[in-house]
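Asker: One point on numbering: in this note's numbering, the residue at position 210 of the sequence shown is 265, and numbering is uninterrupted. Ideal placement from N, C-alpha and C gives every residue a C-beta, glycine not left out. Just so it is clear, the structure is predicted and the values come from calculations on it, not from any experiment.
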Amino acid sequence: MKQSIELNIAKVQQRIRDAEKKFDRLPKSVTLIAASKTQPASAIRTAAAVGLKHFGENYVQEALDKQQELSDLDLHWHFIGPIQSNKTRLIAEHFDWVHSVDRLKIAQRLNEQRPDSLAPLNICLQLNISQESSKSGISTAELANLATAIEKMKRVRVRGVMAIPKASDNAVEQREAFAAVYQAAIHLQQFSDNIDTVSMGMSGDMEAAIAEGATFVRVGTDIFGPR
Ligand SMILES: *Cc1c(COP(=O)(O)O)cnc(C)c1O
């Protein structure tokens, strides 16, 4: 299993570098986040040993347990799952990034609870780009209001947008959705001073996301195997 994680990471990194070339993106402009939910700390340690630095987690307590076990490593932790308001304090204290902010109340709590000893918390606003009623995220129409309100906060910093478009195996459809996310990030620049991040693309659609401007891709299955 260990061997395959290492091999899988090499393959995913190669896909990223190939897509950067193919779609005229700058070399290394796309950063891989390993989506490590449900994976044991040992799998993260294996991934870190071959150079991965960014890990995305969806469940707070599970993430904290793994962070403690891996505290000897210098890793960047991204919270990428839905946020319950009673979990914001632990998220504010233990993560570097939060990709899934889609309510003012959550941003306010993260801002109040981010310890002064840490750098401001980097956040992405999650978009429900395919307008699926079952999914979290705001519409592009709501982006300006939310961003304007959060921009006044000192302890959180809006860096961009995150989206999980409707799964599709059609590359044209995939790219249309990702292009809309990228346009939303451009729009966000009017309301926010630190926009440099577009978090989009997973195992099945990362090439399309890179073609349309992703700066972070979040990959789980193609690194760790099926959950
Ligand atoms: C699990 C997860 C991923 C990774 O998905 P894969 O299809 O396993 O690559 C990406 N983003 C989020 C928000 C996730 O929860």
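Put M261 into one of helix, strand or coil per three-state DSSP.
Answerer: helix
Asker: Is it buried or exposed, L81, if we count other Cβ atoms within 10 angstroms and call 16 or more buried?
Answerer: exposed
Asker: Which stretch, first to last residue, makes up the alpha helix (DSSP H) that contains S97?
Answerer: 96-104
Asker: Tell me, please, whether the region 80-98 touches the region 262-279 by the rule of three or more beta-carbon pairs shorter than 8 Å.
Answerer: yes
Asker: Is V216 near ligand 1, judged by its Cβ being under 8 Å from some heavy atom?
Answerer: no
Asker: Please give the ranges of any alpha helix (DSSP H) in the region 180-211, keeping only runs that are unbroken, at least 4 residues long and fully inside the region.
Answerer: 195-206
Asker: Can you determine whether any heavy atom of ligand 1 sits closer than 8 Å to the C-beta of T276, and answer yes or no?
Answerer: yes
Asker: Hey, how far is the Cα of N249 from the Cα of G215?
Answerer: The straight-line gap separating the alpha-carbon atoms of N249 and G215 is approximately 8 Å.
Asker: What are the residues that DSSP puts in a beta bridge with T252?
Answerer: G215
Asker: Measuring straight from C-alpha to C-alpha, what distance separates L119 and H149?
Answerer: 7 Å
Asker: In whole angstroms, what separates the C-alpha of K160 from that of R169?
Answerer: Distance between the alpha carbons of K160 and R169: 14 Å.
Asker: Given a cut-off of 9 Å on the beta-carbon distance, is the pair A199 and V213 in contact?
Answerer: no
Asker: State yes or no: is the C-beta of A264 nearer than 8 Å to some heavy atom of ligand 1?
Answerer: no
Asker: Please determine, among L180, K66, R70, A147, the residue with the shortest C-alpha to C-alpha distance to E197.
Answerer: L180
Asker: Taking the Cβ atom as the reference point for each residue, do Y237 and V227 lie within a distance shorter than 9 Å?
Answerer: no
Asker: Taking the alpha carbon of M208 as the reference point, which residue from I184, I178, A234 has its own alpha carbon closest?
Answerer: I178
Asker: Could you check which residue in A147, K190, S258 has the C-alpha nearest to that of S172?
Answerer: Looking at the Cα atoms, A147 is the closest of the given residues.
Asker: When you compare the CB positions of A266 and I184, do they come within less than 9 Å of one another, or not?
Answerer: The answer is no: Cβ separation not under 9 Å.
Asker: Tell me the DSSP secondary structure of I146 in three-state form.
Answerer: helix
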